[in-house]
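For reference, the structure is listed below as structure tokens.
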Amino acid sequence: MKILLVRSSPGYVDVKNAHYNIQETGLAKAFNKRGHQCDVVFWGGKKEDVIEIEYDEGKTFKVFYLKAYDFLKNGIYKGLTKLSNNYDIVHCGGYDQLESWLLAKTIPEKLVVYHGTYYSDFNKDYNKKCKIIDKVVLPRYKKKGIFFDTKSNLSTGFLKERGLKDVYSVGVGIDLERLQAREMLESPLSTRLQSLKKDNKKILMYVGRIEPRRNILFLLDVFKAVNEKDKNTNLLMVGRGEKEYKEKCFEHAKEIGIEDAIIYEEYIDQKYLPLVYSYADVFLLPTIYEIFGMVMLEAMYFGAPVVTTYNGGSDMLIDKNENGTIIDNFEVGEWRDNILSLLNDSAKKDRIIENAKTKIENEFTWDALVDKFIDVYEKRLCHKKDSV
62 MKILLVRSSP GYVDVKNAHY NIQETGLAKA FNKRGHQCDV VFWGGKKEDV IEIEYDEGKT
122 FKVFYLKAYD FLKNGIYKGL TKLSNNYDIV HCGGYDQLES WLLAKTIPEK LVVYHGTYYS
182 DFNKDYNKKC KIIDKVVLPR YKKKGIFFDT KSNLSTGFLK ERGLKDVYSV GVGIDLERLQ
242 AREMLESPLS TRLQSLKKDN KKILMYVGRI EPRRNILFLL DVFKAVNEKD KNTNLLMVGR
302 GEKEYKEKCF EHAKEIGIED AIIYEEYIDQ KYLPLVYSYA DVFLLPTIYE IFGMVMLEAM
362 YFGAPVVTTY NGGSDMLIDK NENGTIIDNF EVGEWRDNIL SLLNDSAKKD RIIENAKTKI
422 ENEFTWDALV DKFIDVYEKR LCHKKDSV
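Position in the sequence shown (from 1) plus 61 gives the number in the working numbering.
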């Protein structure tokens, strides 16, 4: 099978120098290892380029940087339909992207749309956008019989509620070889954390944007409640954010008396994160909304027990209290008690760590997920034959 993976959002992706998990290249490598030909399309702006990505000692696949323009945060490609003629399947995300809608007209018989968003009261602007999309875009998807695969069960439900029938949950993976190739590199932060651990300090960790969606003010309140019960705790926060909101958060931390117990880093290079994760006693993600959350995948793999909300990623990744903790509310007391339970019960914590890593290794690497994608593609191609 010949497969073309298309990132529909605008913005240059530096494949050769990236340390983070690039979903398209990780999945492309998995397909090629299974004997399929799979290449990738990324935004090229005003320039075109083709590079080859090496895997498995000399084997390669292509990354096409196509000319494209940005229309309201939608990438619109030039020459994509022509390139698509060389492939059996074109995999493009997501249902709300204009490129997916355009491909649904030109190559409906080979298109599969990879979708991640789902309904949340928090996403007021997106919900308004969907009202327009449902009127303009949805009829074409239905008429053309477009197939969808999704990042979560929540996004599957979102599409099926709109009357789309051929929708399948597949998930999101990590490139395990890339993670395993990372050495546990020291950094000034990891050295500091190591010193704290020697003093028997317990580290609660958050990685991500400092923004309202991630519920940082609530995170601080939870840490305050934990710290009142256990003064031997510190909160590590890693992430950038808008100046005004960051100032609001740190002012709140000062007001509630936890400022001195917070370790804040605006940015850490991805290559240093594995060791940092390994020092965390608990990883906290009190997000209001999350399409998937790669930080959860990484935390689970590198040994930081996850406590998070019910969201797109946790619904797929976490078997409640077996390999992580899902709390479907924002009650400070309940979060505090669950965190303290992990901090004070080493057997429970060790069991969760072991189960979490096993879950990621067995079910949420690209190599593990590739059969789910292939199954959707084969359904798409069989449906095409049946329609002829």
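Glycine included, C-beta positions come from ideal geometry on N, C-alpha and C.
Asked: Beta-bridge partners of Tyr138, as assigned by DSSP; Found: Ala129
Asked: Range covered by the beta strand (DSSP E) that runs through Val337; Found: It is not in any beta strand (DSSP E) - Val337 instead sits in the alpha helix (DSSP H) that spans 334-340.
Asked: Every unbroken beta strand (DSSP E) inside the segment 330-403 [3 residues or more]; Found: 343-346, 367-369
Asked: Segment contact, 8 Å Cβ cut-off, at least three pairs: the segment 330-337 with the segment 243-253; Found: yes
Asked: Sheet register partners of Lys410 (DSSP bridge); Found: BP columns for Lys410 are empty, so no partner.
Asked: 7 Å CB neighbourhood of Arg223 in its chain, flanking five on each side removed; Found: Asp195, Leu199
Asked: C-beta atoms of Ile352 and Ser161 nearer than 9 Å; Found: no
Asked: Beta-carbon gap between Asn399 and Ile349 smaller than 9 Å; Found: no
Asked: Reference Arg274, options Ser181, Ile235, Gln255, Ile413, closest by Cα; Found: Ser181
Asked: Local conformation of Asn288 per DSSP, three classes; Found: helix
Asked: Rounded C-alpha distance that separates Tyr438 from Tyr156; Found: 17 Å
Asked: Chain B within 9 Å of His313, Cβ atoms only; Found: Protein chains in the displayed structure number just one, and chain B is not present.
Asked: Distance, Cys443 Cα to Val449 Cα; Found: Confidence in Val449 is poor, its pLDDT being 37 and thus under 50, which makes the residue's placement too unreliable to answer from.
Asked: Cβ-Cβ separation, Ser145 to Leu220 (assumed contact under 8 Å), whole Å; Found: About 22 Å; that fails the 8 Å criterion.
Asked: Member of Thr294, Asn147, Leu215 whose CA lies at the smallest distance from the CA of Glu320; Found: Thr294
Asked: Cross-strand partners of Lys63 (DSSP beta bridge); Found: Gln98
Asked: Reduced DSSP category for Phe183 - H, G, I as helix; E, B as strand; rest coil; Found: coil
Asked: CB of Leu265 within 9 Å of CB of Leu345, strictly; Found: yes
Asked: Spatially closest choice to Gly385 from Val393, Glu392, Ile421, by CA coordinates; Found: Ile421
Asked: Nearest residue (CA-CA) to Asp376, options Ala322, His152, Asp389, Glu118; Found: Asp389
Asked: Per-residue burial, Tyr282 [other beta carbons within 10 Å of its own, 16 or more giving buried]; Found: Per the sequence shown, residue 282 should be read as Asp rather than Tyr. Asp282 comes out buried.
Asked: Euclidean distance between Cα positions of Ile387 and Glu109; Found: 44 Å
Asked: Residue nearest to Lys304 in terms of C-alpha spacing, selected from Asn288, Glu316, Arg270; Found: Arg270
Asked: Segment contact, 8 Å Cβ cut-off, at least three pairs: the segment 415-432 with the segment 231-243; Found: yes
Asked: Where Glu109 sits in the DSSP three-state scheme; Found: coil
Asked: Beta carbon of Gln451 nearer than 9 Å to that of Met62; Found: Examination of residue 451 is not possible in this model, given that the chain is present from 62 through 449 alone.
Asked: Helix, strand or coil at Phe279 according to DSSP, with G and I counted as helix; Found: helix
Asked: Euclidean distance between Cα positions of Gln255 and Asn261; Found: 10 Å
Asked: Sub-9 Å separation of Ile112 and Val102 beta-carbons; Found: no
Asked: Closest residue to Gly354 among Ile379, Lys185, Asp227 (Cα-Cα distance); Found: Ile379
Asked: Cβ-Cβ distance between Cys191 and Ser69 below 9 Å; Found: no
Asked: C-alpha distance - Asn405 paired with Tyr148, whole-angstrom precision; Found: 55 Å
Asked: Three-state secondary structure assigned by DSSP to Phe425; Found: coil
Asked: Own chain, CB closer than 6 Å to Tyr325, minus 5 neighbours either side, in chain order; Found: Met298
Asked: The ligand MG heavy atom lying under 8 Å from the CB of Leu225; Found: Among the components of this structure there are no ligands whatsoever, and the ligand MG is therefore not found.
Asked: Rounded straight-line distance, which links the Cα of Thr86 to that of Ala365; Found: 26 Å
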